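Below: one structure, written as structure tokens.
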Amino acid sequence: MKLSESNFKELVLEVKKAGNYAADEQKNVVRNFKPDGSVLTAIDTRLDSLLTQTIEKLFPGCRIVSEENPVDLKDPAEWTFTVDPIDGTDSFSQSMPGWCVAVGILDRNMNPSGAVIYAPTWGVKGGTLLTLAPGGDLFINGEKYIPVQKEEDHPFQIMSGSKIHRYFDYHDFKWKIRTTGSGVLNIIGQVIHSAVGGTLLTPCYIWDMAAAHAVIKKAGFNLEYLSHKTIDYEYLAQRKKAEDYLIAGSQEILAIIRRDFKTRK
């Protein structure tokens with residue numbers, strides 16, 4: 335079943351509204367902490383509820399996996415949505431720009447197929463908005479995606495999570511490593527930045543991955559486990575953490591990451 339084009343457009347508007355609200359309130363944020371030590375704000379929970387309600391209204395019968403609202407999954411559905419109301423809450427809560435609102439869409443076979451990602455404080459004035467309706471084209475800030483011209487004469491950069499140094503020895507890697515504070519933005523870095531070639535992340539959750547995976551797949555890149563094991567999104571939809579480190583990029587870049595980043599013993 336094809337996703338309603340008009341309802342998808344309404345979803346985009348609601349995601350933008352959520353991101354702009356969060357950006358306006360960023361200066362007033364109070365940091366709280368979950369039992370696992372990760373940061374949580376009242377805005378996370380508010381936006382999670384609003385976006386979940388919006389998706390339920392626009393796409394009745396779908397399944398929803400949201401970060402801040404754990405519920406039992408329904409039986410397999412035509413569409414499964416993932417919701418991360420603020421991906422990069424730690425950055426967001428410290429007035430840093432590296433965060434976004436991310437909604438992913440997976441088809442009946444649990445293949446990442448669509449996305450709405452809005453980072454209102456990342457990129458040029460007005461932020462960065464990526465939209466991908468299942469079966470449609472990828473758009474960045476309203477313009478159809480054209481592959482970024484990579485700076486092939488210069489060493490490429492990779493994006494990584496902020497804790498990657500704990501788990502890898504990468505003294506053989508001669509180029510630059512950057513981190514945004516947001517797993518979603520780290521994964522799509524190769525789509526929106528000319529010098530970024532790939533990504534290496536520690537295991538995360540489906541709401542950190544699905545939207546970004548759909549985007550880079552549409553752009554011609556890959557998201558894989560470091561171990562080559564198949565990513566099982568039905569398993570991840572049960573709120574399970576990814577089973578391995580994640581790497582993204584072209585096959586050439588994935589080979590370089592696997593070669594130069596050695597897991598610490």
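Per our numbering, the very first residue in the sequence shown carries number 335; after that it's consecutive.
Ideal Cβ positions, reconstructed from N, Cα and C, are used throughout, including at glycine.
None of the values given here were measured: they were computed from a predicted structure.
At least 7 Å separates the beta-carbon of P446 from that of A553. Here the alpha carbon of D503 sits roughly 39 Å from the alpha carbon of A352.
Within the DSSP bridge table, the entry for F473 names T465 and K478 as partners.
With contact defined as three or more Cβ pairs closer than 8 Å, the segment 467-484 and the segment 494-510 are not in contact. Counting along the chain, the unbroken beta strand (DSSP E) around S447 starts and ends at P446 to A453. The beta-bridge partner set that DSSP reports for T533 consists of M493 and A582. For V518, the three-state secondary structure derived from DSSP is helix. Nearest in C-alpha terms to N403, of all of D378, C396 and T423, is D378. In the structure shown, L557 falls within a strand segment according to DSSP collapsed to helix, strand and coil.
Inter-residue distance for G583 and I565 is about 15 Å (C-alpha atoms, whole angstroms). Secondary structure remark: continuous alpha helix (DSSP H) runs of at least 4 residues inside the segment 373-400, in chain order: 376-392. Across the structure, P537 and K336 are spaced so that their CA atoms are roughly 32 Å apart. A436: member of the beta strand (DSSP E) spanning C434 to L440, first to last residue.
With a beta-carbon spacing of about 25 Å, G531 and D424 fall beyond the 8 Å limit used to define contacts.
Look at N443 here: in three-state DSSP terms it is coil, with no helix or strand label. DSSP places F595 in no alpha helix (DSSP H); its state is neither H nor E. Within a 10 Å sphere around the beta-carbon of R397 sit 16 or more other beta-carbons, which makes this residue buried. Leaving aside the five residues that flank I522 on each side, the residues in its chain whose CB is nearer than 8 Å to its CB run, in chain order, I451, L464, A546, V549 and I550.
Distance from G438 to W456 at the Cβ level is roughly 18 Å; contact not present, criterion being Cβ atoms closer than 8 Å.
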